[in-house]
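Protein chains: 4
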Amino acid sequence: MTLRALHERARQVLDPVHYDFMAGGAGEERVLTDNERAFDRYGLLPRVLRGHARRDTSVDLPGAPGAGPVVVAPTAFHRLAHPDGERATARAAAAEGAVLVTGTASTIAVGEVASAAREAAEDAVVWFQLSLHPRPEVTEALVRRAEKAGCSALVVTVDAPVFGRRPRDLRNGFTDLPPGHAAENMRDLPGAPPGGLTDIPMSPALSWSDLDALLSMTALPVLVKGVLHPADAELAVAHGAAGVVVSNHGGRQCDAVPAAVDCLPAVVDAVAGRVPVLLDGGVRRGEDVTVALALGATAVGVGRPVLWGLAADGEAGVRRVLAELRDGHDHTLALCGGGRNADLTRDMVVRRGGAR
Amino acid sequence: MTLRALHERARQVLDPVHYDFMAGGAGEERVLTDNERAFDRYGLLPRVLRGHARRDTSVDLPGAPGAGPVVVAPTAFHRLAHPDGERATARAAAAEGAVLVTGTASTIAVGEVASAAREAAEDAVVWFQLSLHPRPEVTEALVRRAEKAGCSALVVTVDAPVFGRRPRDLRNGFTDLPPGHAAENMRDLPGAPPGGLTDIPMSPALSWSDLDALLSMTALPVLVKGVLHPADAELAVAHGAAGVVVSNHGGRQCDAVPAAVDCLPAVVDAVAGRVPVLLDGGVRRGEDVTVALALGATAVGVGRPVLWGLAADGEAGVRRVLAELRDGHDHTLALCGGGRNADLTRDMVVRRGGAR
Amino acid sequence: MTLRALHERARQVLDPVHYDFMAGGAGEERVLTDNERAFDRYGLLPRVLRGHARRDTSVDLPGAPGAGPVVVAPTAFHRLAHPDGERATARAAAAEGAVLVTGTASTIAVGEVASAAREAAEDAVVWFQLSLHPRPEVTEALVRRAEKAGCSALVVTVDAPVFGRRPRDLRNGFTDLPPGHAAENMRDLPGAPPGGLTDIPMSPALSWSDLDALLSMTALPVLVKGVLHPADAELAVAHGAAGVVVSNHGGRQCDAVPAAVDCLPAVVDAVAGRVPVLLDGGVRRGEDVTVALALGATAVGVGRPVLWGLAADGEAGVRRVLAELRDGHDHTLALCGGGRNADLTRDMVVRRGGAR
Amino acid sequence: MTLRALHERARQVLDPVHYDFMAGGAGEERVLTDNERAFDRYGLLPRVLRGHARRDTSVDLPGAPGAGPVVVAPTAFHRLAHPDGERATARAAAAEGAVLVTGTASTIAVGEVASAAREAAEDAVVWFQLSLHPRPEVTEALVRRAEKAGCSALVVTVDAPVFGRRPRDLRNGFTDLPPGHAAENMRDLPGAPPGGLTDIPMSPALSWSDLDALLSMTALPVLVKGVLHPADAELAVAHGAAGVVVSNHGGRQCDAVPAAVDCLPAVVDAVAGRVPVLLDGGVRRGEDVTVALALGATAVGVGRPVLWGLAADGEAGVRRVLAELRDGHDHTLALCGGGRNADLTRDMVVRRGGAR
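Chains as they are written, first to last, in UniProt numbering: chain A, 1 to 356; chain B, 1 to 356; chain C, 1 to 356; chain D, 1 to 356.
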């Protein structure tokens, strides 16, 4: 089944309101559309006769040496997609050698998610995504949970100072998880009653000093996710980030931003190799992975396709998605004459004339 | 109700001939279409972690300190849209803290309009739009009316030396207001019989010396509206204008001009901060306000959406439109990490790749 | 009736085969389409408050002082469009003050055409279009006929070294005029039997020395029509041409050339004001005339719209077309703050963002 | 019958699975589409009055002095298109003076193909396309066959280190030739049992040293086919290639590359006239040939249209295709004022404004 077919299957099996929550974007969904379409605007100039009999597409990421180039980006509420929820996603990612980024919006607690991953593969890598909380003790409690679960890196989301306006959810009245589901990592945090849930934090008051505070709380590497402006990439590195994730939150926050991949080259230039740069948003084909890496990304994240695989066929569906993207990239790397991702250089990327 | 829904409702309740008069543009309506579409071509690069817990989107405009960033642009004949006409618009604008630009084509006299505004909010700001009349005494009489009504600035329309050719109106035979309606500010002006109406002036003979004459008639600040060429912006400032409004008259005059927002950056550069630059034409979303301000506008005007709100739901509809645009801008400012409009800088604006 | 309506009417009344001959272009008609669409890509930046109470859009052309800015471009076989043929066209052009370019493909002889023009207006200007014939005596005979008829300039077509391939005509089998019609100016030329017709010459062997020979045959000013490459414009001026016509033969010759107006600026730059530059191809609106003049053309030619006017309503239809374009240009000039065509300067032309 | 009509006829007569194999491309067929569309983006600026009474469009290619500018590009399995298979193609190419590139995927052995060609025209030129085999003795055996058949040049395909993924074939389950057909040149090669077939080699391990080995095996000129990156063109020349073929394998390998013609100018610049540069991919009209030559190609290859001609009408269909493209180019050359291909210079090529 192709990724498109998995998407269609997912659309059929999901509650339409939940489908809309997963598929939708902010505003008129201009960014949502452009994230995918943008990849059509980049062309690759293959090299020939380079003599690479074998290929190795693995990458070195913070806390994830030798990982696959496709990372499972954090997405919310996997139990809405499949009863096994994030456990299935974790097993699939582990089996395919992909880093899993779980986080605050998981419907299964990080400890259980990490265990599921390690059951599938002993060396499974799980990262933990969180938003900084205005009260540092809340942030710290989340960090300790992630550390205790064996997560090897933290990913701080910085593009959600306020909640994005998503017309589909507003129209559907989808404002909360259905009974029986919760963001389990947000349970029993400081300041909440026993068993109570804390809201996933969103605060425009957060600043780089809050990041500094986080860095002082933990020895884990911290990636900053949601950077589009190269000056912020520079700041992230200067403050000690172990990686930068170019992302527009899948088009779910501000509907006036550029496609994620269009922001990648300037961020890569600003970071200048000091830390890895990841990219998520619109990756739907193996060729898209290759393009992003040729533009300077170390790895890519993939969000919605994982949800479609999960909804369509559970763990097997997620594996299918991850394998397809990884193999498609490997195939494209071969067609470009490469043996390693580093063989993909910026001079191999051109604008394709016919794309919009 | 979204702005789109208000527009649809307005289309349904309005006399089709009046709808066409309000909705239509000159020629093949290329400019009309492009005014809106042009905003898709601009992307914003948000900044992150800037620590602005609160936001203030107010702006300082001539005679309007602390106004909202969305101004009600002058449009004609509000009583065609709703029986309450400009009174309703005035109350709505005042209640929402928006400057109202009323003017020569009002179906209610400026004094009554200004009173309605002040009933709704004591500190309501009303500006008066006028075209220079070849006979200075007519212009002066209009100025005195505006002054007497308590208007705090004048807006001179300079992009109508002749009347635009609008195929919808020609096809519909819409050449005059229906019985019982009139441009009330044009009544009883010098040279007209008692109770008689003077045509709204349009003359290609007008020149910068006519503007000089106006400036010498009044102590009110005068903004020049309808500037697209940066050299004219320079001239306006040199002649003493208190502000420049980049506008193509909503695509109703010349069907070969660029989209208004496409003309904004060069005008901003020419004016170089000496006076505020406003922009109208195609603003339909909060994000459009943010883009215009990031390109250097101090505030934006909005015309047709106000008419749709007025037609759909009277004063409440207009408030809805103004609140939606102001709040949408505030939301986008938050997503861009800003606390004040000045946090929106030109480096945050890029071309979006996928737009046409 | 608008120009579009005249076109539609013409389509209805014309023999479909003749309509196709007139409307069609070479190859896949890419150039035909682009000639019109190209004007959408140019925007005008009006100037304001320039104080031009009156306008004069007349132009000085070779042998045509004070002509209108819209010239009737040479098109073939007007009797296929209307029984009055080129006589009606001539009367209409004369009445509207437009230069008429008649020529070798006229179904009425130049003498009669010129007489008809002068009956309508004493000072009517008629130019004669011809292709150079490999045998100079044939060219010379044509020149003498034009001179005798009182033509005040010659227009040499240089973009037809071979015949364009027009799929519509090939499909329709339209290879010759129907009985009773002929290219009357080609009758009784040297080398033909009495009353016999000579083929309209097309020869790739023609060179600049043939133009030199023509110039030595006549005192009439000679314009070179069908120039797209600026180097050829330079050569034309160097060889003594009195004007250059930027034209791609209405998209009827080579289907790989750019739109005519897209070639205009470079030709204007090459000619650098030494002789007038005219433009034909795609002019369908008054705004198009204004754009061409702002880009440096002295005047524009218009072909198919004249045929549609002629087919739809004879002389009156042609007058309607010419008046509409001239008045539309005058209107646009007014909206641009101009009093004369010279007020339209290159800095007023920009690319319009939304056009393709 | 136009080329489009031949294509349509071929679509009707071919087994749909075979049609898909021939017509299809890799991935989402973005490159397949863009290869053709790209030609719309180039415009020609004709020159006028250049005095070329006659034209000669012949070109000098390695082992093919005075060949036509249109070469039959290598395509697979002609017996699927027509029972006469490559014999018919060979006769047609020879009769039209076109170089035929036969090769490893021929369903008729090269000796018979070359004989058929020489029966049709004594001076017929046949080239042999091959992929380098990891075992040099296999490559060498193929070279000897080509030499023995009288091929005058070799064409090495370098853009197929792995097999392209073509969704149509995957969907149709088309993985092998039907019974009774085989790649006859791959029969009885070293290492295979008597009468046995060797797979057409595809290996990412191949390198420039394998090309060096080939060059040392034969005195025939060797062209390198499948170059898009200018640095590879430079390497090909440096290693001794007698020509470079800019090609993306008809969009059948990597679906992220640019249109072939978009890659041509940079390769031409890199090669700098040292060897001929050929171009294949998307050539469908005479004008396309002219554009490619004006951009610096010495000749163009044409693949699918030959198959459509073959399927629609056998040898006569192929002749029709080759004649149409050659004559269309000759016609366009005439319209551009040229007498030889060298009259087409880079300054005559511009971007066409309206194309995507």
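Heads up, the beta-carbon is just placed ideally off N, CA and C, and yes, glycines get one too.
Just mark residue i as buried or exposed, buried being the case when its beta carbon has 16 or more other beta carbons within 10 Å.
i                      : result
residue 357 of chain C : What the structure shows of chain C is the stretch from 1 to 356, and residue 357 of chain C is not part of that stretch, so it cannot be assessed.
D:Thr298               : buried
D:Ser247               : buried
C:Lys225               : buried
B:Glu287               : buried
B:Ala312               : buried
C:Asp212               : exposed
A:Ala238               : exposed
D:Asp176               : exposed
C:Thr2                 : exposed
A:Asp56                : exposed
For residue i, go through chain D and note every residue whose CB falls closer than 9 Å to its CB, in chain order.
i        : result
A:Gly281 : Those do not exist, as A:Gly281 stays about 17 Å from chain D at its closest Cβ, beyond 9 Å.
Any idea what DSSP makes of residue i, helix, strand or coil?
i        : result
D:Pro65  : strand
C:Val158 : coil
A:Asp199 : coil
B:Thr107 : coil
A:Asp84  : coil
D:Val261 : helix
C:Ser207 : strand
B:Arg284 : coil
Looking at the secondary structure, which residues open and close the beta strand (DSSP E) in which residue i lies?
i                      : result
residue 362 of chain C : The shown model of chain C, from 1 to 356, leaves out residue 362 of chain C, and the question about it has no answer.
residue 409 of chain C : The shown model of chain C, from 1 to 356, leaves out residue 409 of chain C, and the question about it has no answer.
B:Leu223               : Val222 to Val227
A:Leu44                : Tyr42 to Leu44
A:Val246               : Gly243 to Val246
B:Val70                : Val70 to Val72
Give the residues of chain D in contact with residue i, contact being defined as C-beta atoms less than 8 Å apart.
i        : result
A:Ala334 : Pro161, Val162 and Pro204
C:Val158 : Val48 and Leu49
Can you tell me where the alpha helix (DSSP H) holding residue i begins and where it ends?
i        : result
D:Gly328 : Arg304 to Leu335
D:Val275 : First-last for D:Val275: undefined, no H or E at that position.
B:Gly27  : Unbroken run through B:Gly27: none, as it is neither H nor E.
In chain C, what lies closer than 9 Å to residue i by C-beta?
i        : result
B:Leu211 : Leu49
D:His52  : Pro161, Pro204, Ala205 and Ser207
I want to verify the contact list: residues of chain A whose CB lies under 7 Å from the CB of residue i, in sequence order.
i        : result
B:Leu295 : Near B:Leu295 there are no residues of chain A at all, since even the closest Cβ is about 12 Å away, more than 7 Å.
B:Asp40  : Arg30
Along chain B, which residues have their Cβ under 9 Å away from the Cβ of residue i?
i        : result
A:Pro136 : By Cβ distance, chain B contributes nothing, its closest Cβ being about 15 Å from A:Pro136, past 9 Å.
C:Arg285 : Gly27, Glu28, Asp255 and Ala256
Against residue i, what residues of chain B qualify as contacts under a CB-to-CB distance less than 7 Å, listed in chain order?
i                      : result
C:Val350               : Pro258
residue 416 of chain A : Because chain A in this structure spans residues 1 to 356, residue 416 of chain A falls outside the shown range and cannot be described.
Which chain A residues sit within Cβ distance under 8 Å of residue i?
i        : result
D:Leu228 : Leu45 and Pro46
Which residues in chain C sit within 8 Å of residue i, going by Cβ to Cβ distance?
i        : result
D:Thr290 : Ala256
Problem set entry | At least 3 beta-carbon pairs within less than 8 Å: the stretch 132 to 141 of chain D vs the stretch 71 to 91 of chain D | Output reads no: the stretch 71 to 91 of chain D does not touch the stretch 132 to 141 of chain D.
Problem set entry | Given 8 Å, three or more beta-carbon pairs between the stretch 247 to 264 of chain C and the stretch 184 to 199 of chain C | no
Exercise. Is the stretch 290 to 297 of chain B close to the stretch 266 to 278 of chain B, with three or more CB pairs under 8 Å?
Worked result: Contact holds: three or more Cβ-Cβ distances are below 8 Å.
For this session: Would you check if there are 3 or more beta carbon pairs closer than 8 Å linking the stretch 32 to 49 of chain A to the stretch 219 to 233 of chain D?
Result: yes
Exercise. On the three-pair Cβ rule with 8 Å, is the stretch 320 to 336 of chain A touching the stretch 104 to 115 of chain A?
Worked result: no
For this session: Flag this pair as touching only if the stretch 340 to 352 of chain D and the stretch 116 to 123 of chain D have three or more C-beta atom pairs under 8 Å; answer yes or no.
Result: no
Exercise. Does the pairing of the stretch 87 to 107 of chain A with the stretch 64 to 71 of chain A give three or more beta-carbon distances under 8 Å?
Worked result: At 8 Å Cβ cutoff, the stretches touch.
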